[in-house]
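Numbering-wise (the UniProt record's numbering), the first sequence opens with residue 1 and increments by one.
By construction, the Cβ of each residue, glycine as well, lies at the ideal position given by its N, Cα and C atoms.
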Amino acid sequence: MGRPPCCDKIGVKKGSWTPEEDIILVSYVQEHGPGNWRAVPATTGLRRCSKSCRLRWTNYLRPGIKRGSFTLQEEKMIIQLQALLGNKWAAIASYLPERTDNDIKNYWNTHLKKKLKKLQNGSIDQSKANSSNNNNLISSKSHSISRGQWEKRLQDDITTAKQALHDALSSENTPNGAAAVYASSTENIARLLKNWVKSTPDSAESKCSSNVSTTVDSVCSKEEDMSGAFESIFGFDNTLETSNSDEFSRSASPMVVGGEIKQEENSTSSLSMLENWLLDFEVKDYLTNVSFDEGLV
DNA sequence: AAGTTTCCCAACCGCCTAGTA
DNA sequence: ATACTAGGCGGTTGGGAAACT
């Protein structure tokens, strides 16, 4: 006999999450901590598959998630990490703790792929033009080194990165030391609720279901200062440097690589090394040389 | 203004691995 | 050892928003 089934397929709701479902999920996690997703639908009455709950939490509601456009630095890191690791979005995301693997994957598929292709085509065109104009004069920086030299350099870079990764992941900092910041997810909910309220003039109050706790009901009735309300209700605090909840501390943007979970804070120095390597690396230089067969269509 | 196309991203699907009974 | 599920991951898709004609 194995484990009991995760959830009934019958009656499971699909599609977009409503703000009230989000509130239920957040309040559950606040109380029980993330994990044991199987218990979420049963405990909360949410008509969602446990998998869906986990996904909603990790990709949207989890504290510390940064939304909005990616910075140039983030772009560079993604490009380099993708070149190094391939489409290992979870691994890549572990180096951008404020971004989810889903976000990175989406950004790669919708922006970076095209961008890189353009860059690559641009450099090919450029080098074609240059070679035709200047005979054998090699004007492109990437062509100033021979293929052998480039391969050597790439190998060195990979070795450097592997070392940095190893250093980062084998950091001996105390596993139970300073807890990672458990930033607030209230701003996510608040933002969501604001939009929700905007789009539904017939008051958010009416949408608050009865299976949400009374504290949540009170939130629903107050449109102003949602963020503050959530903070006070759920006890999240952006400025928290430590957390009393071990569950929460453990779940706060963990570095998950190869099945191991490391606190990001513990790896700061080593990560900086990797980041520096990633950011110092000339993206264009790399792109003009690297094969796009892998990871790019 | 209306219709069509393209873009974007949240969520789902299916596979794999680890864990449990 | 076996059967089975939860959790995790990467690929894909549906639908709303934005841009274009």
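For residue i, the three-state DSSP class (helix, strand or coil)
{"i": "residue 38", "result": "coil"}
{"i": "residue 265", "result": "Confidence at residue 265 is low in this model, with a pLDDT of 40, below 50, so the placement of that residue is unreliable and no value is reported for it."}
{"i": "residue 66", "result": "coil"}
{"i": "residue 87", "result": "coil"}
{"i": "residue 12", "result": "coil"}
{"i": "residue 97", "result": "coil"}
{"i": "residue 54", "result": "helix"}
{"i": "residue 181", "result": "Because residue 181 sits at a pLDDT of 33, beneath the cut-off of 50, its placement in the model cannot be relied upon, and the following sentence gives the value as read from the coordinates. Three-state DSSP puts residue 181 in coil, outside helix and strand."}
{"i": "residue 19", "result": "helix"}
{"i": "residue 44", "result": "helix"}
{"i": "residue 151", "result": "Note on residue 151: pLDDT 44, under 50, position unreliable in the model; the coordinate value appears next. Correct three-state label for residue 151: helix."}
{"i": "residue 110", "result": "helix"}
{"i": "residue 82", "result": "helix"}
Beta-carbon proximity check, residue i vs residue j, cutoff 8 Å
{"i": "residue 56", "j": "residue 96", "result": "no"}
{"i": "residue 116", "j": "residue 78", "result": "no"}
{"i": "residue 22", "j": "residue 61", "result": "yes"}
{"i": "residue 100", "j": "residue 65", "result": "yes"}
{"i": "residue 50", "j": "residue 38", "result": "yes"}
{"i": "residue 28", "j": "residue 12", "result": "no"}
{"i": "residue 85", "j": "residue 91", "result": "yes"}
Residue burial classification, residue i (beta-carbon count within 10 angstroms, cutoff 16)
{"i": "residue 20", "result": "buried"}
{"i": "residue 69", "result": "exposed"}
{"i": "residue 16", "result": "exposed"}
{"i": "residue 42", "result": "exposed"}
{"i": "residue 48", "result": "buried"}
{"i": "residue 110", "result": "exposed"}
{"i": "residue 175", "result": "A caution first: residue 175 carries a pLDDT of 35, below 50, which makes its placement in the model unreliable, though a value can still be read off. By the neighbour-count rule (16 or more Cβ atoms within 10 Å), residue 175 is not buried but exposed."}
Spell out a yes or no on whether the segment 98 to 117 and the segment 66 to 78 are touching, meaning 3 or more CB-CB pairs, one atom from each, closer than 8 Å. Between the segment 98 to 117 and the segment 66 to 78, the count of Cβ pairs shorter than 8 Å is three or higher; the stretches touch.
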